[in-house]
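Mapping of the sequence shown onto the numbering used here: residues 637 to 897, in sequence order.
Even for Gly, the Cβ is constructed at its ideal location relative to N, Cα and C.
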Amino acid sequence: MAVVTGSMAADYARDGVVLVKGLFAGWVEELRAGVERNMADPSPQLMATLKPGEAGKFFDDYCNWQRIPEFERAIRGSGVADVAAALMGSERVQLFHDHVLVKEPGTNKPTPWHTDGPYYFVEGRQTVSFWVPLDPVKEASLRCVAGSHLWPKDVLPTRWMAETNFYPGDHDYMPVPDPDAEGMRVLEWEMEPGDAVAFHYRTLHGTRGNTTTARRRAFSLRLVGDDARYVERPGPTSPPFPGHGMVAGQRLREDWFPYLN
């Protein structure tokens, strides 16, 4: 069972990201089985991520925990809710959604720099995502910009395929930076299967392409805490969750987004 120390919680508050060794170490085979089930039967949410002619294959699907039993067992049995509560400083932890990302060998395209928060219909200080590789990773690990969750403005959300703004019209976002060119402090780790990078919804992050000869399977889990509330966006969000019926300022409805503790 992974334990959050005081220094880990302080690092998370300062940097918006921290490594949690072995968080899902006992659930790797279960999650691998779930990923195989997911890839054999994708949801309608399956996203296209590569343009015609771009090398490789990138499987990108989400919101499947209710129909992939391996995912639900790992979420409820791993102790991730206790880790999330300690990192966020929250009494309660709600499940927002899951996300599977599989980069096959030779998928050279990086995942662009972005923050998740502006795509979601939830806002709050107490948020956390867990990115869990199911294969050893070095070159294709997650990269996060330390302290970016404290920036005064959200980073512009874009559509990666079309390379256009995600929402119509003009909104008060900051341009997507180039952390390497701008000398920002980028944190990344070599990771074993079942390790987890925990990061805030407003933390700028991306991944390198998978130039290795091995596939890189990753399971991601998005959770929220006590102060998270539904917020209206300028257009349909990702994930969209049609028909949710919530209004601005409400907590996420418990029947769709259950408490885990």
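Using DSSP with H/G/I as helix, E/B as strand and the rest coil, what is residue i?
{"i": "residue 748", "result": "strand"}
{"i": "residue 655", "result": "strand"}
{"i": "residue 842", "result": "strand"}
{"i": "residue 759", "result": "strand"}
{"i": "residue 614", "result": "Shown here, the chain extends from 637 to 897; a query on residue 614 therefore has no answer."}
{"i": "residue 837", "result": "coil"}
{"i": "residue 639", "result": "coil"}
{"i": "residue 738", "result": "strand"}
{"i": "residue 895", "result": "strand"}
{"i": "residue 698", "result": "strand"}
{"i": "residue 683", "result": "coil"}
{"i": "residue 676", "result": "helix"}
{"i": "residue 719", "result": "helix"}
{"i": "residue 821", "result": "coil"}
{"i": "residue 703", "result": "coil"}
{"i": "residue 832", "result": "strand"}
{"i": "residue 650", "result": "helix"}
{"i": "residue 728", "result": "coil"}
Is it right to say residue i is buried, meaning 16 or more other beta carbons lie within 10 angstroms of its own, or is it exposed?
{"i": "residue 646", "result": "exposed"}
{"i": "residue 818", "result": "exposed"}
{"i": "residue 824", "result": "buried"}
{"i": "residue 829", "result": "buried"}
{"i": "residue 800", "result": "exposed"}
{"i": "residue 641", "result": "exposed"}
{"i": "residue 752", "result": "buried"}
{"i": "residue 650", "result": "exposed"}
{"i": "residue 895", "result": "exposed"}
{"i": "residue 897", "result": "exposed"}
{"i": "residue 759", "result": "buried"}
{"i": "residue 827", "result": "buried"}
{"i": "residue 664", "result": "buried"}
{"i": "residue 840", "result": "buried"}
Leaving aside the five residues before and after residue i along the sequence, list all residues of the same chain whose C-beta is less than 8 Å from its C-beta, in chain order.
{"i": "residue 643", "result": "none"}
{"i": "residue 677", "result": "none"}
{"i": "residue 846", "result": "692, 739, 740, 741, 742, 743, 744, 775, 776 and 852"}
{"i": "residue 702", "result": "708"}
{"i": "residue 822", "result": "779, 780, 781, 782, 815 and 816"}
{"i": "residue 884", "result": "865, 866, 867 and 868"}
{"i": "residue 721", "result": "727, 728, 729, 861 and 897"}
Short of 6 Å in beta carbon distance, which residues of its chain neighbour residue i, apart from the five on each side in sequence? Order them along the chain.
{"i": "residue 670", "result": "704, 706 and 707"}
{"i": "residue 857", "result": "734 and 766"}
{"i": "residue 796", "result": "748"}
{"i": "residue 679", "result": "697 and 700"}
{"i": "residue 724", "result": "762, 764 and 861"}
{"i": "residue 802", "result": "793, 794 and 795"}
For residue i, which residues of its own chain have a beta-carbon under 7 Å away from its beta-carbon, when the five flanking residues on both sides are left out?
{"i": "residue 709", "result": "666"}
{"i": "residue 655", "result": "825, 831 and 833"}
{"i": "residue 805", "result": "870"}
{"i": "residue 893", "result": "730, 731 and 732"}
| field | Touch test, the region 846-855 against the region 739-747, Cβ-Cβ under 8 Å, three pairs minimum | value | yes
| Which full runs of the beta strand (DSSP E) of 3+ residues lie inside the region 761-793, going along the chain? | 763-769 and 778-781
| request: Answer yes if the region 782-794 comes into contact with the region 804-815, meaning at least three C-beta pairs across the two stretches below 8 Å, and no otherwise. | output: yes
| said: Whether or not the region 719-730 and the region 773-781 are in contact is what I'm after, with contact meaning three or more pairs of Cβ atoms, one per stretch, closer than 8 Å; do they touch? | reply: no
| request: Taking only runs that begin and end inside the region 841-888, name each unbroken beta strand (DSSP E) of 3 or more residues, in chain order. | output: 841-843 and 852-860
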